[in-house]
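K.L.:
The structure under discussion is supplied below as structure tokens; questions concerning it will follow.
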Amino acid sequence: MNRIIHEAIEKINPNATIETIRSISGGDINQAYRVETNNKNYFVKTNQHVPANFFTFEANGIQLIKNTNTIAVPTVHYYNEPKQHEHAILVMDWIEGKSTEKSTIELGEQVAALHQHHHEKYGLDQDGFIGSLAQVNDFTDTWISYMRDYRLLPQLLLANERGRLSNERYAKLEKLINHIDKWLPANPKASLLHGDLWGGNWLTGANGKPFLIDPAVFYGDHLFELAFTELFGGFPQDFYNAYKEVMPIEDYYNDVKPLYQLYYLLVHLTLFGEGYGTAVDRTLNRYV
Numbered sequence: 000m001n002r003i004i005h006e007a008i009e010k011i012n013p014n015a016t017i018e019t020i021r022s023i024s025g026g027d028i029n030q031a032y033r034v035e036t037n038n039k040n041y042f043v044k045t046n047q048h049v050p051a052n053f054f055t056f057e058a059n060g061i062q063l064i065k066n067t068n069t070i071a072v073p074t075v076h077y078y079n080e081p082k083q084h085e086h087a088i089l090v091m092d093w094i095e096g097k098s099t100e101k102s103t104i105e106l107g108e109q110v111a112a113l114h115q116h117h118h119e120k121y122g123l124d125q126d127g128f129i130g131s132l133a134q135v136n137d138f139t140d141t142w143i144s145y146m147r148d149y150r151l152l153p154q155l156l157l158a159n160e161r162g163r164l165s166n167e168r169y170a171k172l173e174k175l176i177n178h179i180d181k182w183l184p185a186n187p188k189a190s191l192l193h194g195d196l197w198g199g200n201w202l203t204g205a206n207g208k209p210f211l212i213d214p215a216v217f218y219g220d221h222l223f224e225l226a227f228t229e230l231f232g233g234f235p236q237d238f239y240n241a242y243k244e245v246m247p248i249e250d251y252y253n254d255v256k257p258l259y260q261l262y263y264l265l266v267h268l269t270l271f272g273e274g275y276g277t278a279v280d281r282t283l284n285r286y287v
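In structure tokens:
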């Protein structure tokens, strides 16, 4: 692994001298490292068991967010698209700092500003990933068709393939998907979304400046993003207060929030098993 990291750093800066390579906790999917050189520190992720475009999708998402000039993201210095059995690698800035009392306020304001960047269609023009799961994408004319065909239906098929759905659960989820137009707005504004915004996917840099990491970007209803922030906690009330100062939260939010959270519950059910089954069933029973 050290050889792969050395080769990547040399491509970034041939004059850099690596001083230390330290393995760090980097989630369930990738191997992660802090790489210290004589003039800069890097965060490096590697993986040998992902598709060739795995880090390409992440790098492209970071760039999309960066282009909005709304909220900070790490600079991507290098990534590859490996051949079979080769290691995928992504090299970014090392971000480090302590939170301040303003960090989550700025995060709320800046995420809301990100959501004010819109597209005329819903979705994205490239396939991606949510965690380790492949996530098919395309642009659609309505939010209903995108949520049905590119979010909930693929999760129904994946969860069923992995044996996560009883006959009753499958039938209820299929019925909900087939009648999703009863609950969803057809044409909310298509905001640029981080796509995987839980408490572990933002951090602070110098002076408490908030940064977004590990995006799974697409364009959709901004309330879809907010619903996920509430699912597993990690965002204090001042985040939401600051968000609402920039971007309104529509009246239909409470009615649709569990449905938006269902997508992420299905992802976790597929990946991690029945520990998420009760929450999935509770949501299905609310709507079906």
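Counting in numbering that gives the first Met the number 0, the sequence shown runs from 0 upward without gaps.
Yeah, the Cβ is synthetic: ideal placement off N, Cα and C, and Gly gets one too.
Source: prediction; values computed, not measured.
So for TYR251, helix, strand or coil by DSSP?
P.N.:
If DSSP states are grouped into helix, strand and coil, TYR251 belongs with coil.
K.L.:
In its own chain, which residues sit with a C-beta less than 7 Å from the C-beta of VAL287, not counting the 5 before and 5 after it?
P.N.:
Answer for VAL287: LYS171, LYS174, LEU175, listed in chain order.
K.L.:
Out of PHE238, TYR263, GLN260, state which residue places its alpha-carbon closest to the alpha-carbon of GLN109.
P.N.:
When each option's Cα is compared against that of GLN109, the closest is PHE238.
K.L.:
Mind checking GLN290: buried by the 16 CB within 10 Å criterion, or exposed?
P.N.:
Residue coverage of the chain in this structure runs from 0 to 287, which leaves residue 290 outside it and unanswerable.
K.L.:
Output needed for ASP148: all residues of its chain with C-beta closer than 8 Å, excluding positions within five of it in sequence on either side, in chain order.
P.N.:
Excluding residues within five positions, the ones whose Cβ falls inside 8 Å are THR139.
K.L.:
So which of GLY127, PHE271, VAL216 has the shortest CA-CA distance to ASN52?
P.N.:
Nearest C-alpha to ASN52: GLY127.
K.L.:
What residue does the alpha helix (DSSP H) around ARG301 start on, and which one ends it?
P.N.:
Given that the chain is displayed from residue 0 to residue 287, the structure contains no residue 301 and the question cannot be resolved.
K.L.:
Within 10 angstroms of its Cβ, does GLY219 collect 16 or more other Cβ (buried), or is it exposed?
P.N.:
Buried, by the Cβ-count rule.
K.L.:
Go ahead and label ARG285 buried or exposed: buried means 16 or more other beta carbons lie within 10 angstroms of its beta carbon, across all protein chains shown.
P.N.:
Label assigned to ARG285: exposed.
K.L.:
Does DSSP put PHE234 in a helix, a strand or coil?
P.N.:
Coil, per DSSP.
K.L.:
Straight-line CA distance for GLY194 to GLN47?
P.N.:
Going from the Cα of GLY194 to the Cα of GLN47 covers about 24 Å.
K.L.:
Please return the same chain residues whose Cβ sits closer than 7 Å to the Cβ of ALA311, not counting the five positions on each side in sequence.
P.N.:
Given a span of 0 to 287 for the chain in the structure shown, any question on residue 311 remains unanswerable.
K.L.:
Can you check which of these residues, LEU89, MET146, TYR251, is closest to PRO5 by C-alpha distance?
P.N.:
Note that residue 5 corresponds to His in the displayed sequence, not to Pro. Ranking LEU89, MET146, TYR251 by Cα distance to HIS5 puts LEU89 first.
K.L.:
Do you know offhand how far GLY233's Cα is from GLU100's?
P.N.:
For GLY233 and GLU100, the distance between alpha carbons rounds to 15 Å.
K.L.:
Taking the alpha carbon of GLN154 as the point to measure from, which residue in ALA31, ASN1, LEU261 has its own alpha carbon closest?
P.N.:
Checked all of ALA31, ASN1, LEU261; the closest Cα to GLN154 is LEU261.
K.L.:
In whole angstroms, give me the CA-to-CA distance for ASN14 and LEU151.
P.N.:
Distance between the alpha carbons of ASN14 and LEU151: 49 Å.
K.L.:
When burial is assigned at 16 or more other CB atoms within 10 Å of the CB, is SER190 buried or exposed?
P.N.:
SER190 comes out buried.
K.L.:
CB-CB under 7 Å to VAL245, same chain, minus the five flanking residues each way: which ones, in chain order?
P.N.:
Only GLU108, ALA111, ALA112 meet the Cβ criterion.
K.L.:
Can you confirm whether the region 73 to 83 touches the region 115 to 123 when touching is taken to mean that 3 or more C-beta pairs between the two stretches lie within less than 8 Å?
P.N.:
No, they do not touch.
K.L.:
For GLU173, name the three-state secondary structure that DSSP assigns.
P.N.:
Of the three classes helix, strand and coil, the one that applies to GLU173 here is helix, per DSSP.
K.L.:
Contact check, ALA96 vs LYS208 under 8 Å by CB: the rounded distance?
P.N.:
A small correction: the amino acid at residue 96 is Gly; Ala does not occupy that position in the sequence shown. Yes, they are in contact, since the Cβ atoms of GLY96 and LYS208 sit about 7 Å apart, within 8 Å.
K.L.:
Cα separation between LEU183 and LEU258?
P.N.:
Cα to Cα, LEU183 sits roughly 9 Å from LEU258.
K.L.:
Taking DSSP as the reference, what is the three-state secondary structure of MET91?
P.N.:
MET91: strand per DSSP, three-state reduction.
K.L.:
Taking the alpha-carbon positions, what's the LYS243 to THR103 distance?
P.N.:
Looking at the two C-alpha atoms, the distance is approximately 13 Å.
K.L.:
Starting from the C-beta of GLU160, find all residues in its chain whose C-beta is less than 6 Å away, skip the five residues before and the five after it, and write them out in chain order.
P.N.:
Answer for GLU160: no residue qualifies.
K.L.:
Are the beta-carbon atoms belonging to TYR41 and TRP93 less than 7 Å from one another?
P.N.:
Going by C-beta atoms, TYR41 is nearer than 7 Å to TRP93.
K.L.:
Return the chain-ordered ranges of every alpha helix (DSSP H) run that is complete within the region 37 to 96 and spans a minimum of 4 residues.
P.N.:
Segments of the alpha helix (DSSP H) lying fully in the region 37 to 96: 53 to 66.
K.L.:
Provide the residue(s) that pair with THR139 in DSSP beta bridges, ordered along the chain.
P.N.:
Beta-bridge pairing links THR139 to TYR121.
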